[in-house]
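Visitor: Protein sequence lines, in the order shown, are assigned to chains A and B. So the first sequence is numbered by this note's numbering: it starts at 1 and just counts up by one. So the second sequence is numbered by this note's numbering: it starts at 165 and just counts up by one.
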Amino acid sequence: MTPQSKQLETTLETQVESVNLAEEMCLRVAEAAGFGEEDCYRIGMSVREGVINAFHYGNQERPDRKIHLTVELTSEKLIIHVMDEGKGFKLGDVPDPLAEENLLSTSGRGIFLMRSFMDDFDVVEGRTGGAEIIMSKRLPSAAKPLGDSAVGHGNEGKDPHQEA
Amino acid sequence: MSIQATHRDSGKVTVVDMSGRISLGDGSALLRTLVRQLLAEDRTLILLNLADVNYIDSSGIGELVSAFTTVKGRGGEMKLLNLTKKVHDLLQITKLFTVFEVFNEESKAIQSFK
Numbered sequence: 001m002t003p004q005s006k007q008l009e010t011t012l013e014t015q016v017e018s019v020n021l022a023e024e025m026c027l028r029v030a031e032a033a034g035f036g037e038e039d040c041y042r043i044g045m046s047v048r049e050g051v052i053n054a055f056h057y058g059n060q061e062r063p064d065r066k067i068h069l070t071v072e073l074t075s076e077k078l079i080i081h082v083m084d085e086g087k088g089f090k091l092g093d094v095p096d097p098l099a100e101e102n103l104l105s106t107s108g109r110g111i112f113l114m115r116s117f118m119d120d121f122d123v124v125e126g127r128t129g130g131a132e133i134i135m136s137k138r139l140p141s142a143a144k145p146l147g148d149s150a151v152g153h154g155n156e157g158k159d160p161h162q163e164a
Numbered sequence: 165m166s167i168q169a170t171h172r173d174s175g176k177v178t179v180v181d182m183s184g185r186i187s188l189g190d191g192s193a194l195l196r197t198l199v200r201q202l203l204a205e206d207r208t209l210i211l212l213n214l215a216d217v218n219y220i221d222s223s224g225i226g227e228l229v230s231a232f233t234t235v236k237g238r239g240g241e242m243k244l245l246n247l248t249k250k251v252h253d254l255l256q257i258t259k260l261f262t263v264f265e266v267f268n269e270e271s272k273a274i275q276s277f278k
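Set out below in structure tokens:
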């Protein structure tokens with residue numbers, strides 16, 4: 001984290017409600033950072049997909065596992081980390097949802113949507129040993145100067161703590 | 165916004181008017197339950213009116229695909245009507261326009277069922 005960046009970390013339960021909670025939290029940060037409606041929609045959708053991925057595939061819907069969400073706001077971009085406590089996965093192993101044989105699949109589009117909607121997207125091994133999704137979106141040129149208000153209203157998550 | 169759905173008959177076709185979000189949780193579950201219910205009543209020609217659905221996530225997409233294949237497996241047809249821009253764009257980037265038949269006019273959609 002650079003000196004100019006603001007960071008918000010939240011630990012979420014492995015439950016469906018965490019998906020909406022994470023989306024709402026990140027949307028507040030994105031709106032405060034100056035993102036427009038379309039970008040907020042894309043950021044919100046990407047956060048949902050990241051947390052759904054952690055909830056379902058990473059943590060296998062096990063309530064004893066947690067989802068770790070970090071929202072970092074720098075002078076250039078909004079960076080979102082979603083880490084699970086599963087076994088991790090490699091992006092190369094994820095089937096292409098646009099392949100003809102996968103079009104009628106009822107799952108497997110989350111990674112594709114995050115990649116499509118964010119500027120940068122990657123999956124690394126997290127400190128928990130699970131998967132850590134890292135995705136970012138550049139701030140709009142008309143973004144307001146960064147201040148405490150940008151991350152000060154988004155701490156509704158369970159067991160939140162904020163680092164400046 | 166919570167999901168809501170009502171259905172009505174238009175000749176042999178059942179039109180389902182949905183509103184709200186089709187996403188992980190209630191939205192996806194409602195669509196699944198509704199389609200099962202319609203099929204149990206032998207209503208196999210289904211037109212989903214999504215005019216008031218402004219949000220679908222990957223779970224919702226999966227549920228739409230599941231409904232489509234389930235209805236087709238019963239010898240029926242499921243088509244979509246009145247997509248909002250966000251839903252339209254989502255189906256476009258996921259290439260599901262090549263799967264679903266999509267209409268902007270209800271009368272033309274009704275006529276298209278065999």
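Even glycine gets a Cβ: it sits at the ideal position worked out from N, Cα and C.
Against chain E, with Cβ distances strictly below 8 angstroms, would B/Thr-258 count as a contact?
Guide: In the structure shown, chain E cannot be found, because the protein chains are A and B.
Visitor: Of the residues that make up the stretch 36-55 of chain A, which ones have a beta carbon closer than 8 angstroms to any beta carbon in chain B?
Guide: Taking 8 angstroms as the Cβ-Cβ cut-off against chain B, the residues of the stretch 36-55 of chain A that qualify are Tyr-41, Met-45, Arg-48, Glu-49 and Ile-52.
Visitor: Closer than 9 angstroms by beta-carbon distance: list the chain A residues that pair up with B/Gly-189, in chain order.
Guide: For the purposes of this step, residue 189 of chain B is taken as residue 25 along the second sequence, with counting starting at 1. What B/Gly-189 touches in chain A: Val-16, Glu-17, Val-19 and Asn-20.
Visitor: Given this structure, state the Cα-to-Cα distance separating A/Ile-80 from A/Met-114, to the nearest angstrom.
Guide: The residue you call residue 80 of chain A lines up with position 80 of the first sequence. The residue you call residue 114 of chain A lines up with position 114 of the first sequence. Going by the C-alpha atoms only, they are around 11 angstroms apart.
Visitor: For A/Arg-42, I'd like the list of residues in its chain whose CB is within less than 6 angstroms of its CB, leaving aside the five on either flank, ordered along the chain.
Guide: The sequence position of residue 42 of chain A within the first sequence is 42, counting from 1. If the five residues before and after A/Arg-42 are omitted, its C-beta is found closer than 6 angstroms to the C-beta atoms of Phe-117, all from its own chain and listed in chain order.
Visitor: Between the stretch 218-233 of chain B and chain A, which residues of the former have CB atoms less than 7 angstroms from a CB of the latter, in chain order?
Guide: Per Cβ criterion, the list reads Asp-221, Ser-222, Ser-223, Ile-225, Gly-226, Val-229, Ser-230 and Thr-233.
Visitor: Between the Cα of B/Leu-247 and those of B/Gly-184, B/His-171 and B/Arg-207, spot the shortest distance and give me the residue it belongs to.
Guide: Position 83 of the second sequence, counted from the start, is the residue given in the question as residue 247 of chain B. The option with the nearest alpha carbon to B/Leu-247 is B/Gly-184.
Visitor: Who pairs with A/Thr-10 in a beta bridge, going by DSSP?
Guide: As a first step, residue 10 of chain A must be located in the first sequence, where it is residue number 10. BP columns for A/Thr-10 point to A/Leu-69.
Visitor: Please name the residue, chosen from A/Leu-91, A/Val-47 and A/Ser-75, that lies closest to A/Met-135 on a Cα-to-Cα basis.
Guide: The residue given as residue 135 of chain A occupies position 135 in the first sequence. For the residues A/Leu-91, A/Val-47 and A/Ser-75, the minimum Cα distance to A/Met-135 belongs to A/Val-47.
Visitor: Any idea if A/Ala-142 is buried or exposed, counting beta-carbon neighbours within 10 angstroms, 16 or more meaning buried?
Guide: For the purposes of this step, residue 142 of chain A is taken as the residue at position 142 of the first sequence. With a pLDDT of only 49 at A/Ala-142, under the threshold of 50, the placement of this residue in the model should not be trusted; the figure read from the coordinates follows. Exposed, because fewer than 16 other Cβ atoms sit within 10 Å of the Cβ of A/Ala-142.
Visitor: Verify the CB distance criterion: does A/Gly-58 have a CB-CB separation below 8 angstroms to chain B?
Guide: For the purposes of this step, residue 58 of chain A is taken as residue 58 along the first sequence, with counting starting at 1. For A/Gly-58, the answer is no, since every Cβ of chain B falls outside 8 angstroms of its Cβ.
Visitor: Mind checking if A/Ser-116 is an interface residue toward chain B, Cβ cutoff 8 angstroms exclusive?
Guide: As a working note, residue 116 of chain A is residue 116 in the first sequence. A/Ser-116 counts as touching chain B.
Visitor: Using alpha carbons as the reference points, say which of A/Thr-74, A/Gly-130 and A/Ala-54 lies closest to A/Pro-140.
Guide: Residue 140 of chain A sits at position 140 when you count from the first residue of the first sequence. It is A/Thr-74.
Visitor: So, with DSSP's three-state summary, where would you put A/Arg-62?
Guide: Residue 62 of chain A sits at position 62 when you count from the first residue of the first sequence. Correct three-state label for A/Arg-62: coil.
Visitor: Would you say A/Arg-62 lies against chain B (beta-carbon separation less than 8 angstroms)?
Guide: Taking the first sequence and counting its residues from 1, the one referred to as residue 62 of chain A is at position 62. Not one chain B Cβ lies under 8 angstroms of A/Arg-62.
Visitor: Drop a sphere of 10 angstroms on the beta-carbon of A/Asp-64, count the other beta-carbons inside from all chains shown, and report buried for 16 or more, exposed for fewer.
Guide: Numbered from 1 along the first sequence, position 64 holds the residue referred to as residue 64 of chain A. Flag for A/Asp-64 reads exposed.
Visitor: So which residues on chain A does B/Lys-250 lean against when the C-beta distance must stay under 8 angstroms?
Guide: Your numbering for residue 250 of chain B matches position 86 in the second sequence. Residues of chain A passing the Cβ test: Tyr-41.
Visitor: Is there a C-beta anywhere in chain A that falls below 8 angstroms from the one on B/Val-199?
Guide: Looking up residue 199 of chain B in the second sequence gives position 35. No, because no Cβ of chain A sits closer than 8 angstroms to the Cβ of B/Val-199.
Visitor: Enumerate in chain order the residues of its own chain whose CB-to-CB distance from A/Thr-128 is below 8 angstroms, with the five nearest sequence positions on each side excluded.
Guide: Working through the first sequence from its first residue, we reach residue 128 of chain A at position 128. Excluding residues within five positions, the ones whose Cβ falls inside 8 angstroms are His-68, Met-83, Asp-84 and Glu-85.
Visitor: What's the C-alpha gap between A/Ala-99 and A/Glu-61?
Guide: Residue 99 of chain A sits at position 99 when you count from the first residue of the first sequence. Residue 61 of chain A sits at position 61 when you count from the first residue of the first sequence. So the two alpha carbons sit approximately 27 angstroms from each other.
Visitor: Going by the beta-carbon positions, is the gap between B/Ser-230 and B/Ser-187 smaller than 8 angstroms?
Guide: What you label residue 230 of chain B is simply residue 66 of the second sequence in a count that begins at 1. What you label residue 187 of chain B is simply residue 23 of the second sequence in a count that begins at 1. Contact flag unset, no.
Visitor: Determine the extent of the alpha helix (DSSP H) in which B/Tyr-219 is found, giving its start and end residues.
Guide: Walking along the second sequence from the start, residue 219 of chain B turns up at place 55. First-last for B/Tyr-219: 209-220, but that is the beta strand (DSSP E), not the alpha helix (DSSP H).
Visitor: Locate the beta strand (DSSP E) running through B/Val-251, then write down its first and last residues.
Guide: Start at 1 with the first residue of the second sequence, and residue 251 of chain B comes out as number 87. Taken as a continuous stretch (DSSP letters only), B/Val-251 belongs to no beta strand (DSSP E), being part of the alpha helix (DSSP H) at 249-257.
Visitor: Are the beta-carbon atoms belonging to B/Gly-191 and B/Ile-167 less than 8 angstroms from one another?
Guide: For this step, residue 191 of chain B is matched to residue 27 along the second sequence. For this step, residue 167 of chain B is matched to residue 3 along the second sequence. The answer is yes: Cβ separation under 8 angstroms.
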